[in-house]
Structure formats: structure tokens, C-alpha cells
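The block underneath contains the structure these notes are about, expressed in C-alpha cells.
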Amino acid sequence: MSRILVTGATGRLGRLIVERLVAQNRPVRILTRRPETARNLFGAIVQIAAGEFADRYSLDAAIRGVGRLLLLSPISERLAADQIAVANAAEAAGVQRIVKISGSDWTIDPPGVSISGDAHAAVEQHLRRLSIESVSLRPNAWMQVSLANTIKHVLAGNPVTAANLDAGVGYIDARDIADVAVHLLLADRIADRIADADALNLTGPDVRTPRQIASLIATALGRRVTAIEKRPGIGPSDTGFEHRAVAQFATLIAAGRAAVTTDLVASILGRPPRSVEAFVSDYLAAEAALVG
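Each residue of the sequence shown is one higher than the one before, starting from 22 at the first, in the working numbering.
In C-alpha cells, the structure reads:
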């Protein structure tokens, strides 16, 4: 197989994707603004192309000889412009397939409820106009982000807090997102059901509310865990794009928009997605190992 280019490789999900590709002996190149960080993470097992999304020269150099592209970048005001620039360079270079990590389905549809979701939607629409085969993954809320943060606060002696204790979330483990992304990058052919979809709404197997999560953590720790409804405060400095995007996520989750599940992970991978219970157990075991 020709080389695979991964953007966003030094982030939480990007690392998981690169590790999986390397484990399968696939040739990987990463495009990064932080080459030293990338070298510390991956050493010599991947090619590192230093560059910027907005610099077409470095984009062209990074994408030369690439067959498939994993398109991922952090929430920012430049997300749409940056990802569209990468996609255009990929088309010009003859890349055969793009797998995009998009926003959660409930941030994109309907439009106008999330500045982050609208940016991802603009990229998805652009990809559909290109001649390259592409598929966009819309993962629901990541366990490794909000759920991990909840457990961390509980371990520090704090209660579980949420704007709506009964608003469920179909959390998905980032390892499952990475497994799906790698499967679609490497597949000889994308199944018709996937190829015909506008985007793939990826979730975990169950919906769990903050109240239920508090109970799960309490059972695992063998002690009481309190759950309290609390509206997130917004300080005077929380006016940047990322802060506003995260505040919108919280509002949508509190309204129950993330309380969905699909069978796509199981359909693609041939196994069920990891559960919240398994994640809580894994997280606490890892914390115990660190303390020990």
C-alpha cells in the first residue's frame, strides 16, 4: 500500500490512529507544526513532515506519494479553511481516499447550533464535491474527554456535576473511533452502506446519564459519589472560538441531543463498541497502577 498521511497525529486520537497503522506495518507520514513533539512520540517509525495547513508548499511536499489521508485537526476558527486546503492538495496530488474525523452528529444537524459543527459541515460538503473517495466519521462524545474528566474530579473528592443529570450521552471510546478510522483507511473497498452515507454517526453501545455515571463510579470505588446539577459558569475570558464551541456542546448535551446510539461500530468492526462500564474500570485500574 502507498503511504498514509495523518494530520493531527500528536493529539489524543491522532496518536491512537498512528499507533494502529504502525502496528500493522503500514507506511505512515504525519504533517505537523511540532516536529520535535512528533519525534518524541513516534521516533523513527514514521516519516515526519513539518508544515502548516495554510502553507501550500509544505502541504504539497507532505502529500507527495500519499495514497490515503486521515484528516483531523483540533477545534479552531481556522478548522474549515485548514481542512479544505489539505483536501484540495490531496486532490491535486492524486490521493485515492480521505477519511475525515468530523464533529458529533448533533453539532452538525441541524445547522446553526454549533460553530464547530458548522465548520465541520463546510468541510464535509467540500469533500463531497471533490473527485476523491471520502468518508466522514461523526463520533459522539468521547469517553477520553468528558467522561475521563468526570472520573478525575471524583477521585479528587468532588461530586459529579452536570447541567442536566438526566440528559443521557451515547459516549464512544476514542479507541473505537481509531479502530473504525484505520479500518476505513486500509479497506480495499468501502462497503456500499458506508459509501452511500453522507457521514457515519459513531456511538457507544448505551446511553448513560450523569446520575447513572455517578452510580457506576461509586460502585467501582466502593463509596458514595454525589451528583449535583450545576450550570457551567462562563468567565470574561471564555470568549474564544474553542470556549464558545465547548459551551455550545454543553448546552446541546444538556438538552438531550447526544442521547443516541447506532450500530455502526459493531457493523464495521464486527464487535461491539466498548462500554462506559469498561472505560470506568480501565481508567480506575490505570490510576491505581500509577499510585502503586
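Heads up, the beta-carbon is just placed ideally off N, CA and C, and yes, glycines get one too.
Exercise. Can you tell which of GLU98, HIS147, VAL134 has the C-alpha that lies nearest to the C-alpha of LEU273?
Worked result: Against the sequence shown, residue 273 aligns to sequence position 252. Of the listed residues, the one whose Cα sits closest to LEU273 is VAL134.
Exercise. Can you tell me the Cα-Cα spacing of PRO48 and LEU305, whole angstroms?
Worked result: By 1-based counting over the sequence shown, the position of residue 48 is 27. By 1-based counting over the sequence shown, the position of residue 305 is 284. Distance between the alpha carbons of PRO48 and LEU305 is about 34 Å.
Exercise. If you check the beta carbons only, do ALA235 and ASN161 fall under 9 Å apart?
Worked result: Residue 235 sits at position 214 when you count from the first residue of the sequence shown. Residue 161 sits at position 140 when you count from the first residue of the sequence shown. Their beta carbons are not under 9 Å apart, which means ALA235 does not touch ASN161 by this criterion.
For this session: For the beta strand (DSSP E) containing ARG89, list its first residue and its last residue.
Result: As a working note, residue 89 is residue 68 in the sequence shown. First-last of the beta strand (DSSP E) with ARG89: 87-92.
Problem set entry | Bridge partner(s) assigned by DSSP for GLU250 | Residue numbering aside, residue 250 sits at position 229 when the sequence shown is read from its first letter. Answer by DSSP bridge pairing, in chain order: ALA183.
Exercise. Which whole runs of the alpha helix (DSSP H) in the stretch 178-246 are 4 residues long or more, in chain order?
Worked result: 195-207, 213-216, 231-242
Exercise. If you follow the beta strand (DSSP E) that THR156 is part of, which residue opens it and which one closes it?
Worked result: As a position in the sequence shown, residue 156 is number 135, starting the count at 1. According to the sequence shown, residue 156 is Val rather than Thr. 154-160 is the extent of the beta strand (DSSP E) around VAL156.
Problem set entry | TYR315 classed as buried or exposed, judged by whether at least 16 other C-beta atoms fall within 10 angstroms | Residue numbering for the chain in the displayed model covers 22 to 313; residue 315 lies beyond these limits and cannot be assessed.
For this session: Return the first residue and the last residue of the alpha helix (DSSP H) that ARG149 is part of.
Result: One-based indexing of the sequence shown puts residue 149 at position 128. Note, ARG149: alpha helix (DSSP H), 136-150.
For this session: Would you check if the distance between the CB atom of ARG149 and the CB atom of ASP219 is smaller than 9 Å?
Result: As a working note, residue 149 is residue 128 in the sequence shown. As a working note, residue 219 is residue 198 in the sequence shown. Yes.
For this session: Quick one: grab the DSSP three-state call for THR58.
Result: Numbered from 1 along the sequence shown, position 37 holds the residue referred to as residue 58. In the displayed model, THR58 falls within a helix according to three-state DSSP.
Problem set entry | Extent of the continuous alpha helix (DSSP H) run through ALA292 | Here residue 292 refers to the residue found at position 271 when the sequence shown is read from its first residue. In the sequence as displayed, the identity of residue 292 is Arg instead of Ala. That residue, ARG292, is in no alpha helix (DSSP H); it is neither H nor E in DSSP.
For this session: Using DSSP bridges, identify the partner residues of VAL49.
Result: The count along the sequence shown starts at 1 and reaches residue 49 at position 28. DSSP output for VAL49 lists ILE25 as bridge partner(s).
Exercise. Considering only the beta carbon of each residue, do ILE193 and VAL286 sit closer than 9 Å?
Worked result: Here residue 193 is taken as the residue at index 172 of the sequence shown, counted from 1. Here residue 286 is taken as the residue at index 265 of the sequence shown, counted from 1. In this structure, VAL286 lies closer than 9 Å to ILE193 by Cβ.
For this session: Return the bridge partner residues of LYS121 from the DSSP annotation.
Result: By 1-based counting over the sequence shown, the position of residue 121 is 100. In the DSSP output, where bridge partners are listed per residue, LYS121 has LEU92, SER157.
Problem set entry | Close-in-space but distant-in-sequence residues of the same chain around GLY124 (CB under 6 Å, 5 per side omitted) | Position 103 of the sequence shown holds residue 124. So the list reads SER137, GLY138, HIS141, once near-sequence residues are dropped.
For this session: Please determine, among LEU80, ILE289, GLN233, the residue with the shortest C-alpha to C-alpha distance to VAL190.
Result: Position 169 of the sequence shown, counted from the first residue, corresponds to residue 190. Cα-wise, what sits closest to VAL190 is GLN233.
Exercise. What's the C-alpha gap between ALA110 and ARG36?
Worked result: Reading the sequence shown from its first residue, position 89 is the one you call residue 110. Reading the sequence shown from its first residue, position 15 is the one you call residue 36. Distance between the alpha carbons of ALA110 and ARG36 is about 23 Å.
For this session: Identify, in the order they occur along the chain, each residue of the same chain with its Cβ nearer than 7 Å to the Cβ of ALA248, setting aside the five sequence neighbours on each side.
Result: If you number the sequence shown from 1, residue 248 lands on position 227. Excluding sequence neighbours, ALA248 sits near PRO180, VAL181, LEU186, PRO231, ARG232, ALA235.
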